[in-house]
Amino acid sequence: MLHTIGIFSSDVPESLRKPALSNVQPSFIDYGDGCVLAKGFDNDRAIQAYEATLQDMMANGGFANPAVAQICTGLATLYDTKAAMTKDAQYYDRCVEYMSMVQQGMQAGMGEAAQYDPMYRVIEARRQKVLRKKEKRLAKGAPDAELQALLNQRPEPRRPARK
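Each position in the sequence shown, counted from 1, maps to that position plus 458 in the numbering used here.
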């Protein structure tokens with residue numbers, strides 16, 4: 459049976475509908491002293507989508523697929539950002555893991571010569587920087603109660619909820 463979608467009918471399958479936007483919009487809390495706190499920038503949906511895509515690509519071609527390195531780089535960036543915003547050092551481990559996957563992909567494609575590739579060295583320098591950030595975060599310990607309350611605070615919705 460042929461279904462028409464969109465213009466010709468009001469019956470749109472659930473799988474083709476646009477995802478509902480969140481009521482909480484990304485924003486910054488301005489403390490007035492030059493410091494701001496990012497709110498509503500949770501990257502969980504993007505992380506889930508990228509990880510699902512990465513699993514599909516690894517199952518169908520592995521490191522031979524050139525997009526694997528790009529997705530791993532994106533995931534590393536998302537986890538680095540999430541670690542900085544949530545003040546949770548466990549996300550730095552995931553960031554380092556995805557950077558290592560990029561390097562493994564380069565080694566799979568170039569062999570021993572990958573270690574001399576400038577991009578490999580840039581990734582290694584970035585990986586070492588993230589490891590230092592993790593050590594600093596662990597040395598600082600968990601955020602105090604006041605900062606944790608701010609991190610858990612949800613910003614005001616900018617628009618009314620959709621029905």
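Glycine included, C-beta positions come from ideal geometry on N, C-alpha and C.
Query                                                                                                 : Result
contact_flag[the stretch 562 to 574, the stretch 498 to 516] where n(CB pairs < 8 Å) is 3 or more     : no
Glu-593 versus Tyr-549, Lys-497, Leu-605, Asp-502, residue with shortest Cα-Cα distance               : Tyr-549
Contact under 8 Å by Cβ, Arg-579 with Lys-545                                                         : no
Met-557 vs Arg-584 beta-carbon contact at 8 Å                                                         : yes
For Glu-570, the first and last residue of its enclosing alpha helix (DSSP H)                         : Neither: Glu-570 is in no alpha helix (DSSP H) and is coded neither H nor E.
Rounded straight-line distance, which links the Cα of Lys-497 to that of Glu-604                      : 15 Å
Candidates Ala-600, Leu-536, Asn-523: closest to Val-554 by CA position                               : Leu-536
DSSP-derived helix/strand/coil call for Asp-491                                                       : coil
Euclidean distance between Cα positions of Asp-602 and Thr-539                                        : 20 Å
Option nearest Asp-502 by Cα separation, candidates Lys-587, Gly-567, Ala-534                         : Ala-534
Closest residue to Leu-589 among Glu-570, Ala-541, Ala-600 (Cα-Cα distance)                           : Ala-541
Nearest candidate by alpha-carbon position, reference Ala-504, set Gly-520, Ala-522, Ile-529, Asp-575 : Ile-529
Candidates Lys-598, Gln-606, Asp-488, of which the one nearest Ala-450 by Cα                          : Residue 450 lies beyond the range of the chain shown here (459 to 621); nothing can be said about it.
Local Cβ density within 10 Å of Val-494, reported as buried at 16 or more and exposed below that      : exposed
Gly-520 - containing alpha helix (DSSP H), residue span                                               : Segment: none, Gly-520 is in no alpha helix (DSSP H) and carries neither H nor E.
Among Gly-567, Asp-551, Arg-552, Glu-582, nearest to Asn-523 - alpha-carbon criterion                 : Gly-567
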